[in-house]
Amino acid sequence: MRNLKQLTDDRLSALSWDVEKGMRAIRASRCSEPLRIRRPMIAAVALVMALAAATALAVGLQVSRKVEVKRIAREAVMAQYGLDNKSVGMFSEQAEEESGVWTVTYSAWKPDEAGTYTVTFQKDGTAQVSWSLEGSADAWGQQEIAAYIAQKDAAVHEMQLAEAAGAAPVIEAAPTPEPVSGALLTREKAIKVADEALRAQFGFQTAGLGEFDAVAKFDRTSSKWTVVYSAFGWHWHDGDLSQKAGEYHVELSDVNGQVLSARWTLEGVETGSFTRSTFGQAKAYDAQCMEWVAEIRAQFVQAYAAVEMSKWPVSVEEKARLDSLMIAAGFDAEKFNHVTPDKGDIGFEAALELAAQTLEREYGVSRAIFDASSFGYADLTQEKTHRQWYFWVQNHDIQMGWQMTIDAQTGEILDLSQESFAAGNG
Numbered sequence: 009m010r011n012l013k014q015l016t017d018d019r020l021s022a023l024s025w026d027v028e029k030g031m032r033a034i035r036a037s038r039c040s041e042p043l044r045i046r047r048p049m050i051a052a053v054a055l056v057m058a059l060a061a062a063t064a065l066a067v068g069l070q071v072s073r074k075v076e077v078k079r080i081a082r083e084a085v086m087a088q089y090g091l092d093n094k095s096v097g098m099f100s101e102q103a104e105e106e107s108g109v110w111t112v113t114y115s116a117w118k119p120d121e122a123g124t125y126t127v128t129f130q131k132d133g134t135a136q137v138s139w140s141l142e143g144s145a146d147a148w149g150q151q152e153i154a155a156y157i158a159q160k161d162a163a164v165h166e167m168q169l170a171e172a173a174g175a176a177p178v179i180e181a182a183p184t185p186e187p188v189s190g191a192l193l194t195r196e197k198a199i200k201v202a203d204e205a206l207r208a209q210f211g212f213q214t215a216g217l218g219e220f221d222a223v224a225k226f227d228r229t230s231s232k233w234t235v236v237y238s239a240f241g242w243h244w245h246d247g248d249l250s251q252k253a254g255e256y257h258v259e260l261s262d263v264n265g266q267v268l269s270a271r272w273t274l275e276g277v278e279t280g281s282f283t284r285s286t287f288g289q290a291k292a293y294d295a296q297c298m299e300w301v302a303e304i305r306a307q308f309v310q311a312y313a314a315v316e317m318s319k320w321p322v323s324v325e326e327k328a329r330l331d332s333l334m335i336a337a338g339f340d341a342e343k344f345n346h347v348t349p350d351k352g353d354i355g356f357e358a359a360l361e362l363a364a365q366t367l368e369r370e371y372g373v374s375r376a377i378f379d380a381s382s383f384g385y386a387d388l389t390q391e392k393t394h395r396q397w398y399f400w401v402q403n404h405d406i407q408m409g410w411q412m413t414i415d416a417q418t419g420e421i422l423d424l425s426q427e428s429f430a431a432g433n434g
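The numbering of the sequence shown is the working numbering, which starts it at 9 and goes up by one.
Written as structure tokens, this is what we have:
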């Protein structure tokens, strides 16, 4: 399922900010004053580190060391370089620990303009904060980033208003097949002939064949059609399914519609004697395997379609059921690891409450904003060492999102991040 943020990103990908115009306006507002960057304040950051644990306990939330470090790093960058919370959300945040030394990096969506911020924490709690573009007169600071966000957010809201004011969608009639210049056959006819060739040569049935998208191209020089079947539209999180399906290529004559060749890109790969309960282990899916794929995928499609317009994703129980179908077909249980709450687990409502409290404390997200948000994911999974809740919260009014993982047994906030949607809108 493509969530609303992904769809919005696609539709806004062609938008671009008028960088020169924006920079000229911002420089004018500065009255030609040079960009002033405050130098690192190591002692002050060390003090914040010393107080971090007490702050976490005071509000009754358990947070991991990683979450603590990221919060302090974020606040240090904001304090030293004058960024606000939403501007920091434009950067991809990564925190790594090695031999007791933590390094937190903030990588820009536009690296040449906004650069990278780095915060390094030594074992004694002192920290060094730096910016890759420090001293550059053309670097984007708070004002430039805020202007960029404002333009992107305005474009999103304008699109939303236009859609809300628009008429109800009209069901369009199926297009009439158009002739291809210089060809006797239409694309539709060429695909129909190719379909029959795959049925005859490879044993395809309707459901399995329906998992492929067919594209027909005509070569006027040779008077031949080539029809290519690919399955890249699958949205399973296994990641290998389209590769295991391969592609089918059918060549046919435009003169008489005769099939000249039909081949599979995975011919020669061992398909073995797999059954409905073992085909997930196959390296290549033949026509019979594709029938079983179609049966399972139909249930996935139905589950995701049912929540397409809802603020909630597919339920925990339904995801666990769908993953059980994959495991029963021989797929790896470590990859299809959705589960339902077990004895000792924090339930869904309790996990949501933890998420709401954490976002309010860490990012100042009000409960009203949280309750009005939608969820890209709300998953409970069995990891190698623990069970965890994962939430991706999205608010399209303020164009912000937050991702969080919570230990399902202890309630500890394992990791947390935020994102400004403007970073992904082109």
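Even for Gly, the Cβ is constructed at its ideal location relative to N, Cα and C. Small disclaimer: the values here were computed from a predicted structure and weren't measured.
Where residue i falls, given that 16 or more other Cβ within 10 Å makes a residue buried
i: residue 139; result: buried
i: residue 298; result: buried
i: residue 470; result: Lying before the first or after the last residue shown, residue 470 is absent from the chain, which here runs from 9 to 434.
i: residue 462; result: A query on residue 462 cannot be resolved here, the shown segment of the chain reaching from 9 to 434 and no further.
i: residue 321; result: buried
i: residue 228; result: exposed
i: residue 189; result: exposed
i: residue 78; result: buried
i: residue 402; result: buried
i: residue 95; result: buried
i: residue 310; result: exposed
i: residue 172; result: exposed
i: residue 366; result: buried
i: residue 417; result: exposed
i: residue 230; result: exposed
i: residue 405; result: exposed
i: residue 314; result: exposed
i: residue 374; result: exposed
i: residue 268; result: exposed
i: residue 379; result: exposed
i: residue 249; result: buried
i: residue 306; result: exposed
i: residue 198; result: buried
i: residue 217; result: buried
i: residue 219; result: buried
i: residue 152; result: buried
i: residue 346; result: buried
Cβ shell of residue i (< 6 angstroms), same chain only, five flanking positions each side left out
i: residue 101; result: 114, 425
i: residue 225; result: 234
i: residue 289; result: 338
i: residue 122; result: 116, 148
i: residue 131; result: 108
i: residue 104; result: 111
i: residue 344; result: 331, 334, 335
i: residue 282; result: 290
i: residue 264; result: none
Assumed close pair residue i, residue j - CB separation to whole angstroms, cut-off 8 angstroms
i: residue 412; j: residue 364; result: That belief does not hold up - the Cβ atoms of residue 412 and residue 364 are roughly 10 angstroms apart, past 8 angstroms.
i: residue 300; j: residue 308; result: The pair is not a contact, with the Cβ atoms about 13 angstroms apart (cut-off 8 angstroms).
i: residue 327; j: residue 387; result: 6 angstroms
i: residue 410; j: residue 385; result: About 11 angstroms separates the two Cβ atoms, so there is no contact after all.
i: residue 258; j: residue 239; result: With a Cβ gap of about 15 angstroms, residue 258 and residue 239 do not count as contacting.
i: residue 382; j: residue 319; result: 4 angstroms
i: residue 295; j: residue 211; result: 4 angstroms
i: residue 422; j: residue 396; result: 7 angstroms
i: residue 222; j: residue 205; result: That belief does not hold up - the Cβ atoms of residue 222 and residue 205 are roughly 11 angstroms apart, past 8 angstroms.
i: residue 157; j: residue 428; result: 6 angstroms
i: residue 325; j: residue 348; result: 6 angstroms
i: residue 376; j: residue 302; result: Their Cβ separation, rounded to whole angstroms, is 44 angstroms, which puts residue 376 and residue 302 out of contact at 8 angstroms.
Residues of its chain near residue i, where Cβ-Cβ distance is below 7 angstroms and the 5 sequence neighbours each way are ignored
i: residue 291; result: 252, 277, 278
i: residue 419; result: 70, 354, 362
i: residue 200; result: none
i: residue 435; result: No statement about residue 435 is possible, as the shown extent of the chain runs from 9 to 434 and does not include it.
i: residue 161; result: 407, 430
i: residue 187; result: 194
i: residue 85; result: 91, 96, 114, 125, 127, 137
i: residue 273; result: 254, 255
i: residue 150; result: 90, 91, 92, 95
i: residue 82; result: 96
i: residue 359; result: 397, 414
i: residue 285; result: 336, 337, 338
CB contact below 8 angstroms: residue i versus chain B
i: residue 399; result: Looking at the structure shown, chain B is missing, and only one protein chain is on hand.
Cutoff 8 angstroms; reference residue i; Cβ partners in own chain excluding five residues on either side
i: residue 208; result: none
i: residue 232; result: 226, 259, 260, 261, 262, 268
i: residue 75; result: 370, 421, 422, 423, 424
Inset, instruction - Could I get the ranges of all uninterrupted alpha helix (DSSP H) runs contained in the region 342 to 389, with 4 residues as the minimum, in chain order? - result: 356 to 371, 375 to 380
Inset, instruction - Determine contact between the region 82 to 102 and the region 135 to 154, defined as no fewer than three beta-carbon pairs at a distance below 8 angstroms. - result: yes
Legend entry - Ordered list of beta strand (DSSP E) runs contained in the region 111 to 177, each at least 3 residues: 124 to 129, 135 to 139
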